[in-house]
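K.L.:
Using my numbering, you'd call the opening residue of the sequence shown number 836 and step up by one each time. Dumping the structure here so I can ask a few things about it.
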Amino acid sequence: MRFTSLIIELIRARPRLVIWLVLLFQAGLWLILPLLLYRSPPGDVATVLAFGREYQVGTDLGPPLAFWLADIAFRLAGNHIFGVYLLAQLCFIVTFLALYALGRAIVGSPHAVVAVLLTLTVTAFSSPGVEFGPLVLARPLWALVLLHSWLVIGRGRRSAWFALSIEAGLLLLTTPAAPALLLLVAGFALATARGRRALMSLDSLFALLVIAVLALPYLTWLIRADTLALPPLPAAASLGARAVHWGMLLGFLLVSMTGVVLLVVLNRFAREGEEAPIIFRPPVDPLGRQFVYFLALAPALGGSLIVALFGLERVAGDAGIALLVSGLAVMVAAGDLVPLRRQRLLRSVWAAVIVAPALAALATALLLPWAGTAEVPTSLPASVIGHFFSDSFERRTNRPLQAVAGDPQLAMLIAMDGARPHLFLDATPARTPWINQAKFSETGGVVVWRAADTAGTPPDDIARRFPGIVPEIPRAFERLVTGRQGLLRIGWAIVRPKAQ
C-alpha cells in the first residue's frame, strides 16, 4: 500500500503554504535564538552599525547600502539590536520567496518547493544569516535579479526590465562582487538568441540609465578615493599556493552543501517493495535548463577561481550567493518525475540539518566557555558596557559621549549605546574619516582597552596616541557564561572636551 505523507500532499496541492511555513519557522528560529543567546552582536554587525551611523557614500568596507539600512533598522527599533536581526530575517524571507518564484517559472510549483527545501540546508542560510551586512543584503537582491532576468530573457516580459534595473543598481550599492555577478547574467543573455533579442530592445537602454543613476554616487566616491584598480596578478612562484587555496574554497562550498548531497543520496535508494509518491512537472524549457545550470556553476567555480587568483579570503559574494541556485539545479537535473523515497527518513534528516546549526550556536554560547579559555565574542554584555561608559562620561563632563576610541572591539560595542558616539579607530584613522585625532581631542571622548593589571595601565600604543590620559580604575563586567574565564576587565580613560 502506498503511503503519502501530509507534507507531500501539501507540496502538490498547497506549495505556497509549505513555503511560508518553512520560511517563517526558519526566520523565527534565527530571530529568537540570537535575542536569547547573544549579549553582543555576532560577526561584524557592530562594525556595520558604527559605519552606518555616519552615512558615508563609501568606505573601505565597500558600498554603503547595507550600512545605511542597518542603522535605519537599529533606530526604528529604539536603538535595539532586534531591528537588525529582524532586517536580516526579512532578507532571508525575500531571498527564498524570489527563489521560489524563479523555480516556479522554470520547473513548476511543486518542484520549486523541493528546490527551496534543499537550498535551506545550505549552511550559509542558517546562523551566518544573522550577521546582517553586505553579504546578507546581497542575497535577496541577487535572487530578485535572477528572477527578473529570467522573466526578461526567457519569458520576454518587458515589464520586468524596470524591476531588474532597480535591483541591479541596489546590488551595485551593496557588494563589490556586484559587477562580476551582473556580467555573468549579461554574458548569458549575449550567448543566447532570446537574450540578444531582449538586449536589443529600448528597455535595456532605460535600464542602463536607471542603474547608472543609482550607482553614480558610489562610483564617484570610488574615483575620488582612487580605488578603481584590480589587485596585482600573482607571481608565477605563488600559483601553486593559489591553486591549493582554490581547492580549499571549492571544498568549503562542498561542505556547505552537505545537506543537499545527503538528501539527494538518501532519495536514490528505495526500500524493497516501496511505492514512492511522485512529484510531476511539465517539460523544462531548454533555455531555462541552461540558465539554471550556468548560474549554479559560474558564481561558484568562477567566483572561487578569481578570489583564489588574487589571494582573497572568501568566494565572491560568499556562499549564500554562489550556492543560491544549487537546489534548483538539482531539481532541474532530476527529471520531470521525481519520486520521494523513504519519506520519514528524508523528513528527519532535513529537520536535523536545519536544527543542527541552532544547536551548535546553543552549545557555543553555553558550553564553550567551560571547555576552554577562548572567549565567545557574543557573550560580552554590549548594552551594559555601552551604558556604563556613556553614563560615566556624561556625569563627568555634563555632555553626552561624542566619540570612543582604543580597543576596536570594545569601542564598537560602546558605539552602539543610546548616545551613538562616533567610532574612532585611532590605530588606523584613515578608516574613520568622519573624525580624527584633533577632533577627538576637541569634542572629548572615552578611550578603552582590555586591562592587564589592577591599575588599568593603558597599552603602550594607546599611551603613545593619547599622551597624558589618566587611567581610571578598571571596570569589570560579567559575560553571559563565565565558565573557565575571568571577568572582562576594561581599562578606560576620559579625554575631556577642550572647552573644559
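Cβ atoms here follow ideal geometry from the backbone N, Cα and C, with glycine treated the same way.
Sorted by chain position, which residues of the same chain lie with C-beta nearer than 6 Å to ALA947's C-beta, five sequence neighbours on each side aside?
P.N.:
Excluding positions up to five away in sequence, the list reads TYR935, GLY938 and ARG939.
K.L.:
Does DSSP put TRP985 in a helix, in a strand, or in coil?
P.N.:
Residue state, collapsed to three classes: helix.
K.L.:
Give the secondary structure of ARG1176 by DSSP, where H, G and I count as helix, E and B as strand, and everything else as coil.
P.N.:
Looking at ARG1176 - three-state DSSP - the assignment turns out to be coil, as it is neither helix nor strand.
K.L.:
With a 10 Å radius around its C-beta and 16 neighbouring C-beta atoms as the bar for buried, classify TYR1053 as buried or exposed.
P.N.:
Buried, since its Cβ has 16 or more Cβ neighbours within 10 Å.
K.L.:
For GLY1155, count neighbouring Cβ atoms within 10 angstroms of its own Cβ and tell me buried if that reaches 16, exposed if not.
P.N.:
Buried is the call here.
K.L.:
Leaving out the 5 sequence neighbours to the left and right, which residues in its chain are closer than 6 Å to LEU979 when beta-carbon positions are compared?
P.N.:
Answer for LEU979: ALA933 and GLU1002, listed in chain order.
K.L.:
If I follow the unbroken alpha helix (DSSP H) through GLY1022, where does it start and stop?
P.N.:
Looking at the DSSP string, the run of the alpha helix (DSSP H) that includes GLY1022 is 1013-1026.
K.L.:
Check for me: the beta strand (DSSP E) holding PHE909 runs from which residue to which?
P.N.:
Premise fails: PHE909 lies in the alpha helix (DSSP H), 900-911, not in any beta strand (DSSP E).
K.L.:
Kindly give me the distance between the Cβ atoms of LEU852 and LEU845, rounded to whole angstroms, as I take these residues to be in contact under 8 Å.
P.N.:
Indeed they touch by this definition, with Cβ atoms about 6 Å apart.
K.L.:
DSSP has ILE1113 in a bridge; who is on the other side?
P.N.:
ILE1113 is bridged to PRO1174.
K.L.:
With the cut-off set at 8 Å, would you say LEU1025 and ARG1032 are in Cβ contact?
P.N.:
Not in contact: LEU1025 and ARG1032 (Cβ atoms no closer than 8 Å).
K.L.:
Which of the three DSSP states, helix, strand or coil, is assigned to LEU1323?
P.N.:
Residue state, collapsed to three classes: strand.
K.L.:
Who does TRP1284 pair with in a DSSP beta bridge?
P.N.:
According to DSSP, which records beta bridges pairwise, TRP1284 is partnered with GLY1326.
K.L.:
Report yes if the CB atom of ALA1215 is closer than 8 Å to the CB atom of ARG874, and no otherwise.
P.N.:
It should be noted that the sequence gives Leu, not Ala, for residue 1215. For LEU1215 and ARG874, yes; Cβs fall inside 8 Å.
K.L.:
Quick check: the region 1118-1129 against the region 1090-1106, are there 3 or more CB pairs under 8 Å?
P.N.:
The region 1118-1129, when compared against the region 1090-1106, does not touch it at the 8 Å Cβ threshold.
K.L.:
Between the Cα of LEU1037 and those of THR1055, VAL1048 and SER994, spot the shortest distance and give me the residue it belongs to.
P.N.:
Ranking the options by Cα distance to LEU1037, first place goes to SER994.
K.L.:
Report the rounded CA-to-CA distance for HIS983 versus TRP996, giving the unit in angstroms.
P.N.:
Approximately 7 Å between the Cα atoms of the pair.
K.L.:
Within a Cβ cutoff of 8 Å, which residues of the same chain sit near GLU1313, ignoring the five residues on either side of it in sequence?
P.N.:
Once the five neighbours on either side are set aside, the close Cβ partners of GLU1313 are PRO1216, LEU1322 and LEU1323.
K.L.:
Taking the alpha helix (DSSP H) that ARG851 belongs to, which residues open and close that run?
P.N.:
From DSSP, the alpha helix (DSSP H) with ARG851 extends over 850-872.
K.L.:
What distance in whole Å lies between the Cβ atoms of ALA908 and VAL919, which are believed to be in contact at a cut-off of 8 Å?
P.N.:
Yes, VAL919 and ALA908 are in contact; Cβ-Cβ is about 5 Å, under 8 Å.
K.L.:
How long is the line joining the alpha carbons of LEU856 and ARG849, rounded to whole angstroms?
P.N.:
In a straight line, the C-alpha of LEU856 is about 11 Å away from that of ARG849.
K.L.:
Short of 7 Å in beta carbon distance, which residues of its chain neighbour LEU1315, apart from the five on each side in sequence? Order them along the chain.
P.N.:
Result list for LEU1315: ARG874, ALA1200 and SER1214, in chain order.
K.L.:
Express the C-alpha separation of LEU872 and LEU921 in angstroms, rounding to a whole number.
P.N.:
Roughly 16 Å between the two C-alpha positions.
K.L.:
Can you tell me whether DSSP reads ALA1186 as helix, strand or coil?
P.N.:
Here ALA1186 sits in helix by DSSP.
K.L.:
By alpha-carbon positions, which one of LEU1057, THR1267, LEU868 and VAL1282 ends up nearest to GLU889?
P.N.:
The shortest C-alpha separation from GLU889 is found at THR1267.
K.L.:
Which runs of the alpha helix (DSSP H) spanning at least 4 residues fall entirely within the region 926-1004, listed in chain order?
P.N.:
Segments of the alpha helix (DSSP H) lying fully in the region 926-1004: 944-955 and 969-988.
K.L.:
For the beta strand (DSSP E) containing ARG1310, list its first residue and its last residue.
P.N.:
Unbroken beta strand (DSSP E) run through ARG1310: 1310-1312.
K.L.:
Identify the continuous alpha helix (DSSP H) that holds VAL1048 and give its terminal residues.
P.N.:
Unbroken alpha helix (DSSP H) run through VAL1048: 1037-1060.
K.L.:
From the DSSP output, read off the bridge partner residues of THR894.
P.N.:
Bridge partners of THR894: GLY897.
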